[in-house]
Amino acid sequence: MKSHIAHCCMFIALLVLLTTAGMAQNVRLTEGQREQQRNFIRKDTLPVAVEALPANINSHFSEYAGRLYPDSAFFFTSMRADVKEDYDRFFETSWYCNIYESHLRPDGSYARPTSLPAVINSRKCFNSNFCFNPQRDLLVFSRCNRAGDGDLQCALWESRREKKGWSKPQKLPSVINMEGYSSLQPFLLIYDNHSVLYFVSNRPKGYGGLDIWYSISKDGKYNPPVNLGSTINTEGNEVTPFYDAETSTLYFSSDEHLGIGDYDIFYSNGALSQWGEVSNMGVPFNSAYNDFYFAPNQDEKSGFFTSNRPHDGAAPEDTCCNDIFHFRWIPKNDSVPQPVDTPTIHEKIASVLPISLYFQNDEPDPRSLSDTTTADYDQLYRRYLADHDLYVSESGQGLSGDSLTAVQQGMYAFMRDSVATGHDRMILLKNYIREALRNGETVELTVSGFASPLHNSDYNKHLSARRIVSLLNYLYKADNFALAPYLDGDKPGLVIHTDPQGAVQHTFASGETRETVYGLQAAKDRKIVISASKIH
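When you read off a place in the sequence shown, starting at 1, and then add 5, the result is the number in my numbering.
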């Protein structure tokens with residue numbers, strides 16, 4: 006089962022997306038039409054068997070971009086953490102991405118992976134998103150470093166296999182790696198007298214977010230990149246391109262084209278900037294989670310993709326880290342596995358409750374005596390997560406040695422196991438509420454608010470009330486105000502009882518700010534709890 010790590014989630018999003026005039030135009034559909042199409046995609050399950058790769062490939066952290074080559078060599082990227090010796094700098098230096106090589110044995114098992122040499126997998130940066138030429142003596146890959154503002158910035162590099170091993174990587178020219186922007190996720194096609202490099206970038210003159218671009222090169226000189234156009238690229242993000250030259254098909258993932266999850270896998274026939282209609286790959290390739298890095302094998306009957314969907318008995322909220330999945334099209338004469346019984350909406354809601362959602366000190370609206378706020382919990386959560394290194398650092402102020410390590414480890418574990426998990430469960434609950442309401446059910450919830458005993462009783466009740474309202478604000482605005490009519494009372498079916506209880510009654514070991522603001526007990530006190538579900 007994957008470790009649900011809050012910081013891991015943030016880095017994966019960055020590294021998978023930052024590490025990670027057409028023939029047809031996008032059609033504007035009404036939300037009702039889009040939902041009808043989504044329902045069709047969900048129900049039209051393809052005859053495809055999907056299974057996660059074994060534990061010697063998929064670790065407790067994140068693996069992605071698996072590709073199998075004709076000689077059974079299997080390459081992939083893994084993002085892992087090493088915090089044993091340098092915990093104080095955990096959030097800045099302990100995560101690393103390496104490219105690994107394994108081998109698919111005749112019995113279907115995978116050989117123990119080995120990291121590519123240090124000349125490729127430099128510990129000074131994140132190394133990922135790779136591709137080879139057909140002879141596998143040219144490797145093009147992404148390297149990501151922190152820019153001056155702390156964000157990750159990625160560039161494309163290449164290395165050649167020589168008699169003594171891989172050469173020192175060279176950064177691709179500035180026409181590919183535009184200063185101040187990211188270039189990543191390469192896919193290289195070699196022709197007789199030229200090559201085409203597809204890649205992802207957030208450079209200017211795109212359609213929004215991350216777009217897919219291509220550059221034609223000849224005699225080692227790259228032409229200025231060209232955007233694939235509005236048929237493929239949208240105002241959202243398009244990532245992880247894989248081009249099948251045999252079928253002239255581009256596979257990619259998007260969070261904007263019509264899909265059923267955050268990122269879905271899509272395909273389109275064409276080349277360069279001329280593309281046919283974009284189609285969703287369907288279920289089981291796509292899910293309610295992130296699905297990308299689609300890579301069919303040469304036989305077109307099987308292949309790999311990456312997803313953060315739960316599997317092997319993992320909890321529904323256990324979606325921190327990516328795994329590599331193998332897929333195989335099932336021949337018509339093979340028996341298709343029958344779908345398992347799906348849980349009822351009552352069971353789904355019960356599976357995520359109770360939910361605890363946590364807050365920074367005196368948030369929202371510090372020093373206010375109001376019972377209401379305009380803040381919503383999702384915004385507050387993201388600010389809290391952005392400040393997690395501050396809370397970990399300050400929780401250990403004045404301590405040293407084992408005491409420092411124990412306190413900081415406790416705060417980090419709280420951020421990982423409580424703050425992030427609560428937020429993810431809230432998202433699931435919101436989705437389950439919508440499902441229940443569509444089914445004509447009535448859902449009753451109770452939301453209780455709490456605070457640490459840092460302020461007086463009256464102040465803490467106002468603060469607890471604002472914290473409850475921040476959840477209601479999130480539910481009101483989520484999914485384009487889908488729940489607003491129910492919360493306004495215009496439609497029946499959703500009843501939320503509020504109970505601002507104020508401070509938890511206990512005393513701190515000391516009156517220091519480290520304990521009352523940044524201490525673990527204070528962090529656990531600052532919360533709201535969603536419970537007492539009734540569906541009828």
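Note that the Cβ used here is the ideal one computed from N, Cα and C, for glycine as well.
The structure presented is a predicted model; accordingly, all values stated were derived computationally and were not measured.
Quick one: is residue i buried, meaning 16 or more other Cβ sit within 10 Å of its Cβ, or exposed?
i	result
Thr577	Limits of the chain in this structure are 6 at one end and 541 at the other, which puts residue 577 out of reach.
Ile195	exposed
Lys532	buried
His331	buried
Glu184	exposed
Asp296	buried
Phe247	buried
Gly403	exposed
Asn478	buried
His502	exposed
Ile535	buried
Ser284	exposed
Gln190	buried
Thr252	exposed
CA-CA distance, residue i and residue j?
i	j	result
Arg39	Gly264	9 angstroms
Ser4	Ala425	Because the chain here runs from 6 to 541, residue 4 falls outside it and cannot be looked at.
Asp224	Asp197	11 angstroms
Val55	Gln42	23 angstroms
Glu261	Tyr212	12 angstroms
Gln526	Asn366	12 angstroms
Ser200	Pro139	12 angstroms
Ser356	Asn313	19 angstroms
Ser462	Ala508	7 angstroms
Ala380	Leu442	25 angstroms
Ile473	Thr349	28 angstroms
Asn150	Gln158	5 angstroms
His65	His393	21 angstroms
Arg166	Ala160	20 angstroms
Phe96	Glu520	Bear in mind that the predicted position of Phe96 carries a pLDDT of just 42, short of 50, making it too unreliable to give a figure here.
Pro458	Tyr481	30 angstroms
Tyr389	Asn134	30 angstroms
Arg372	Tyr464	9 angstroms
Gln413	Tyr268	34 angstroms
Arg333	Gly308	7 angstroms
Lys435	Gly406	43 angstroms
Trp280	Ala116	39 angstroms
Tyr417	Lys337	50 angstroms
Ala78	Tyr186	33 angstroms
Thr25	Cys102	Only weak support exists for where Thr25 lies, its pLDDT of 48 falling under 50; the value from the coordinates is given anyway. Going by the C-alpha atoms only, they are around 12 angstroms apart.
Phe80	Phe486	43 angstroms
Just to confirm before moving on: does the CB-CB distance between residue i and residue j stay below 8 angstroms?
i	j	result
Gly266	Tyr298	no
Asp376	His467	yes
Pro505	Ala470	yes
Thr311	Ala70	yes
Ser164	Ser172	yes
Pro230	Ser222	no
Asn274	Ser259	no
In the DSSP assignment, what residue or residues form a beta bridge with residue i?
i	result
Asp224	Paired residue(s): none; Asp224 is not in a bridge.
Asp328	Ser312
Met84	Ser67, Cys102
Leu263	DSSP, once it has assigned bridges, lists no residue as partnering Leu263.
Pro301	Gly308
Thr254	Asp249, Asn274
Determine, for residue i, whether the minimum Cβ-Cβ distance to residues of chain D falls below 8 angstroms.
i	result
Tyr481	The structure shown contains no chain D; it holds only a single protein chain.
Would you list, in sequence order, the uninterrupted alpha helix (DSSP H) runs of no fewer than 4 residues that lie entirely inside the region 389-448? 393-400, 406-419, 425-443
Go through the region 460-504 residue by residue and report every complete run of the alpha helix (DSSP H) that reaches 4 residues or more, in order. For the region 460-504, the full-length alpha helix (DSSP H) segments reaching 4 residues or more read 462-486, 489-492 along the chain.
Unbroken beta strand (DSSP E) runs of length 3 or more, entirely within the region 158-196: which are they? 188-195
Which whole runs of the alpha helix (DSSP H) in the region 93-146 are 4 residues long or more, in chain order? 95-98
Ignoring anything shorter than 4 residues, give me the alpha helix (DSSP H) runs that lie fully in the region 353-385, in order along the chain. none
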